[in-house]
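Peer 1: Can you read through this structure? Questions will come right after.
Protein chains in written order, with this note's numbering: chain B, 13 to 292; chain A, 13 to 292; chain L, 13 to 292; chain S, 13 to 292.
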């Protein structure tokens, strides 16, 4: 089995830990292919390749959710991650357990947690897929825009709002949760549409089938912004039409514990701990 | 094609309209089988049978949502309904359009809208299916109970609350909507679990897959009540376990307009009109 | 200074601690007047009196929120409480700090936190005041009732719902919080009205002035229940009118730390800890 | 009585109606002082002055909420408004009733509805007052910021969110309503703090007393934006401190119907009508 290796490039601790991971894998006779973006910053004796062109069976990521989300833009291989971020909701092991994690990985003692991605189109042009969510937002703070949402060609609702989120089940516990989305079990194969600050009393989150196409029209002559996974931004011109649907492509996570609910409860506990540390 | 006919028994206008329906069907040579519960109260010359034993291809219901929900406890045949209720969210035509409705029915000009029902078990004993929702509620007003919810054997969440609702997509626009559930497109084949007045800041609605089993444990030594579709009540003893899952059996509605969203928007408009008439 | 003493009567630990409190106060030459409801269950050599007829300057309560709320029905004296309950949001010190608490009390090292109570009337007849909230609820689970709410004679809103809560600022962090009420700083001198499970998309919590009178009419021919502080119940007949306003009488709490926000954040932290212990 | 007159400058219908108003007032012998910003665009024979320097007893505004909010930045005189906007929540009469409105104004047949404004400070420097609300928002869409909120020096809560709103009771039915604020009766003399898209499960709206000072710290090294009444923008540097409190200055509205609830219900009805027209 060939492993790729990447890390958060601007975080010395992440790079140092990546070097340790590379060393351990080297000792075991399977030196990883190292992401060229960090290859110069760590000691290693493996091959070097850009993330998008790595020949590998699985990718090891040392970093937080942002690092994982960026990596998932470049690979469809299963990802195993060691958390170096503040929350690390997508990651699998905390830094102090990195060694056991790598051992389980080498021993094949894991499962693959496959998650639907979201396909996104602007005026007929395909954009990168999102793992968590696509956000459409007014570019002018506190100036609402008018959104018209259709599902499979049928008008679902329209509202004036700051924006809206189209999220995967994975994303239901991220940004979408902040604006009142339900938690969606990944096995439900459904997408969620949630308005952001709707000036409409009848606005509610909407859950649609995995094979439904969601179309969003921006009805006024103003710009808006599309943000995918908090990482990729696209300016949207007036009168644009956006299209979203659950993708055939998946994000694959290497897990030692697949149960969605255990993970979710752990996430909430972590979030509450952070809240408590911050004095509520 | 053989039609059954029932109506809201305690509403003279509903019975009068049912008699008109029976007369029109008689004229067309297809006198309906009349529900024995109303047979004495209307003029007709068809057969009489109890709802649960009717030989028919489709059932015509004159009444509101309650009448339909009760009828659906007794038949798995497609239901066509003429609204005589206040809101009539499940009904298909308003009373003034009953004649066109019957004509379309006779002409075969309709579609069948098939909806998942909810299967309910108390301590291993099967209960009637619900079309909208199952409500579990403390019997003592303003005394919370402790609920433990598992999905497919995995602990999902637990909370102190007045109760919880497990709803079908059909039910997502009914009682569940009152306590913050998302709207669920029926094609999403998902069930929703929503706490009622949870004394827990982390409580959120949960959407689960159609083949998931939801198990609810009541952890304290107090009674609770199970209410199915607002119609059927069961006392639940202390330490009972409830089980819910989407059923193989469906409720089937005869529709002239299948689009879920058009129906939903019409429902909201009707609800808002009622609100406005009542002075908001 | 003369102290009264009461405790949760059905909890041996609370009674044992009350006896220790009585002994300490006896040692200091100020034996407490003991609530006759617990006098037989604890060793002490002070006077005995019913709660409602105690000659005292302050009342010491050993128990949880329920014990305090019951005691506040009988006295307008300042209350100092040692928590023996699960959450104890109204209490001041945990059991392990009872001795320091009593010492500060004897030393006069405390402040009085004065809180508005809620005055309640049914059809012109005054009911006991509530410290937290008054709940009006349908007696039939999952059968909504129609509520009409007026503020100072002006129609505010009406809705179909399971019930409604009228809460004081103190109650804003209790049951009202479960159904979406805002947190209200006690210095804001305002009351909150919140619907419980409103079947109305435009329903929102409402904050009214401290000198406003809230009138609730129950418009259908069905019974309802009024519950004050989760303790006192009154059956409400059809077509009754309820009246609520912030009372001139106050509940007074002896505090070592008056800051509302510190208390609130501590409460939330405690609630989250309980949630976490229960596996989220 | 001397009247000032202004109108939405970029809307021909508003200017035309303003000219009619000027003509009627001229006929009655009380030609208005006309805002110099529109003086060139309408026929009239009164004096001309900038809004901020008008000698007048009351200001007549022809336009929508934006026009009124802008005018209220320049005058503390009572404002009477004829609605030419889409919603016109702050306005008093629809365009077709402008003549009766002016007659009642001339006849003194009105009341003054006095509303608290919000005082705003950035790092000790006073900003214009807001009638509705102050919004603090991250400048980077879908990148949360960390907010720390203190009330009268006591830490109230902190959270990661897109932003927060501090609103007056008048603003409680505007933008704040979109993010879950309660409706606040203006007589309650309270301010509301509501997070926008908080990534925190324990986040709730907070109601504080009219003499409380709310302090908001932005804890990370990123910019933010302050927007007052959707009109006035200020860039906020990293580590800035914002201060908000209800102002001594008030906005004064000329009303023919002072009842807050009638106005609110009318507003909701108008909002629902607009929603319905837009197909929900």
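Positions of the beta carbon are idealized from the N, C-alpha and C atoms, including for glycine.
So residue 142 of chain S and residue 240 of chain S are supposed to be a Cβ contact under 8 Å. How far apart are they, rounded?
Peer 2: So it is a contact: roughly 4 Å between Cβ atoms.
Peer 1: I need the straight-line Cα distance from residue 238 of chain L to residue 190 of chain A, nearest angstrom please.
Peer 2: The alpha-carbon atoms of residue 238 of chain L and residue 190 of chain A are separated by roughly 21 Å.
Peer 1: Output, in chain order, the set of chain S residues within a Cβ distance shorter than 9 Å of residue 84 of chain B.
Peer 2: Result: empty, since nearest Cβ-Cβ is about 17 Å, beyond 9 Å.
Peer 1: Kindly give me the distance between the Cβ atoms of residue 275 of chain S and residue 198 of chain S, rounded to whole angstroms, as I take these residues to be in contact under 8 Å.
Peer 2: So it is not a contact: roughly 10 Å between Cβ atoms.
Peer 1: Around the C-beta of residue 144 of chain B, are 16 or more other C-beta atoms found within 10 angstroms, so that it is buried, or is it exposed?
Peer 2: With 16 or more Cβ atoms within 10 Å of its Cβ, residue 144 of chain B is classed as buried.
Peer 1: When the cut-off is 7 Å and only beta carbons count, does residue 154 of chain A lie next to chain L?
Peer 2: Output row for residue 154 of chain A: interface = yes.
Peer 1: Mind the definition here: the stretch 199–207 of chain L touches the stretch 180–187 of chain L only if three or more C-beta pairs lie below 8 Å; say whether that holds.
Peer 2: Enough Cβ pairs lie closer than 8 Å, so yes.
Peer 1: Taking any Cβ of chain A, which residues in the stretch 192–218 of chain S have a Cβ under 7 Å from it, in chain order?
Peer 2: The stretch 192–218 of chain S vs chain A, Cβ under 7 Å: 213, 214.
Peer 1: Show which residues of chain A have a CB atom less than 8 Å away from the CB atom of residue 242 of chain L.
Peer 2: Result: 154, 155.
Peer 1: Taking its Cβ as the centre, do 16 or more other Cβ atoms sit within 10 Å of residue 68 of chain A, making it buried, or is it exposed?
Peer 2: Result: buried.
Peer 1: For the alpha helix (DSSP H) holding residue 79 of chain A, just list the boundary residues, first then last.
Peer 2: Segment 77–84, the alpha helix (DSSP H) holding residue 79 of chain A.
Peer 1: Let's test the definition: count the other Cβ atoms within 10 Å of the Cβ of residue 120 of chain B and tell me whether it reaches 16, buried, or not, exposed.
Peer 2: Label assigned to residue 120 of chain B: exposed.
Peer 1: Below 7 Å between beta carbons is the criterion; list the residues of the stretch 139–150 of chain A that meet it against any residue of chain L, in chain order.
Peer 2: Taking 7 Å as the Cβ-Cβ cut-off against chain L, the residues of the stretch 139–150 of chain A that qualify are 147, 149.
Peer 1: Can you name, in chain order, every residue of its own chain whose Cβ lies under 6 Å from the Cβ of residue 13 of chain A, other than the five neighbours on each side?
Peer 2: Excluding positions up to five away in sequence, the list reads 69.
Peer 1: Going by DSSP, name the residue or residues bridged to residue 280 of chain A.
Peer 2: None; residue 280 of chain A has no bridge partner.
Peer 1: If you drop the 5 nearest sequence neighbours on each side, which residues of the same chain put their C-beta closer than 6 Å to that of residue 62 of chain L?
Peer 2: 48, listed in sequence order.
Peer 1: Where does residue 122 of chain S sit, in a helix, a strand or coil, going by DSSP?
Peer 2: Correct three-state label for residue 122 of chain S: coil.
Peer 1: Please name the residues in the stretch 101–134 of chain B whose beta-carbon is closer than 8 Å to at least one beta-carbon of chain S, in chain order.
Peer 2: Within the stretch 101–134 of chain B, no residue has a Cβ that lies closer than 8 Å to any Cβ of chain S.
Peer 1: Does DSSP classify residue 198 of chain A as helix, strand or coil?
Peer 2: The answer is helix: DSSP assigns residue 198 of chain A an H, G or I state.
Peer 1: Is there a Cβ from chain L that is less than 7 Å from the Cβ of residue 95 of chain S?
Peer 2: Chain L, which has no Cβ nearer than 7 Å to the Cβ of residue 95 of chain S, makes this no.
Peer 1: Looking only at its chain, what residues have a beta carbon closer than 6 Å to the beta carbon of residue 110 of chain B, apart from the 5 residues adjacent to it on each side?
Peer 2: So the qualifying residues of the chain are 94.
Peer 1: Determine the direct distance from the alpha carbon of residue 147 of chain B to that of residue 291 of chain L, and round the result to whole angstroms.
Peer 2: Its pLDDT being 44, under 50, residue 291 of chain L is placed unreliably in this model, and the coordinates cannot settle the point.
Peer 1: Between B:82, B:249, B:219, B:132, which has its C-alpha nearest residue 230 of chain B's C-alpha?
Peer 2: Selected option, being the one with the closest Cα: B:249.
Peer 1: With burial defined as no fewer than 16 other Cβ atoms inside 10 Å of the residue's Cβ, what is the status of residue 207 of chain B: buried or exposed?
Peer 2: Classification for residue 207 of chain B: buried.
Peer 1: State yes or no: is the beta carbon of residue 190 of chain L nearer than 7 Å to at least one beta carbon in chain A?
Peer 2: Chain A, which has a Cβ nearer than 7 Å to the Cβ of residue 190 of chain L, makes this yes.
Peer 1: Could one say the Cβ of residue 17 of chain A lies closer than 7 Å to chain L's Cβ atoms, at least one of them?
Peer 2: Chain L contact via Cβ: absent.
Peer 1: Quick one: Cα of residue 211 of chain L to Cα of residue 149 of chain S, how far?
Peer 2: Spanning the two alpha carbons is a distance of roughly 33 Å.
Peer 1: Please report the Cβ distance between residue 235 of chain A and residue 243 of chain A, rounded to the nearest whole angstrom; I am assuming they are in contact, meaning their Cβ atoms lie under 8 Å.
Peer 2: Contact flag wrong, Cβ pair sits at about 20 Å.
Peer 1: What residues from chain S crowd round residue 237 of chain B, counting only those whose CB sits closer than 9 Å?
Peer 2: The answer, in chain order, is 153, 154.
Peer 1: May I ask you to report which of helix, strand or coil DSSP gives residue 240 of chain A?
Peer 2: Residue 240 of chain A: strand per DSSP, three-state reduction.
Peer 1: If we call anything under 7 Å between Cβ atoms a contact, is residue 264 of chain A one with residue 124 of chain A?
Peer 2: In this structure, residue 124 of chain A lies closer than 7 Å to residue 264 of chain A by Cβ.
Peer 1: Residue 187 of chain L touches chain A at which residues, Cβ-Cβ below 7 Å?
Peer 2: Going along chain A in sequence order, the residues near residue 187 of chain L (Cβ under 7 Å) are 154.
Peer 1: Who are the neighbours of residue 179 of chain S on chain L, taking C-beta pairs under 9 Å?
Peer 2: Within chain L, no residue comes near residue 179 of chain S; the closest Cβ sits about 11 Å away, beyond 9 Å.
Peer 1: Which whole runs of the alpha helix (DSSP H) in the stretch 169–231 of chain L are 4 residues long or more, in chain order?
Peer 2: The stretch 169–231 of chain L contains these whole alpha helix (DSSP H) runs: 187–190.
Peer 1: DSSP three-state label for residue 153 of chain A, please.
Peer 2: DSSP places residue 153 of chain A in coil when its eight states are reduced to three.
Peer 1: DSSP puts residue 47 of chain L in a beta bridge; with which residues?
Peer 2: Answer is L:61, bridged to residue 47 of chain L.
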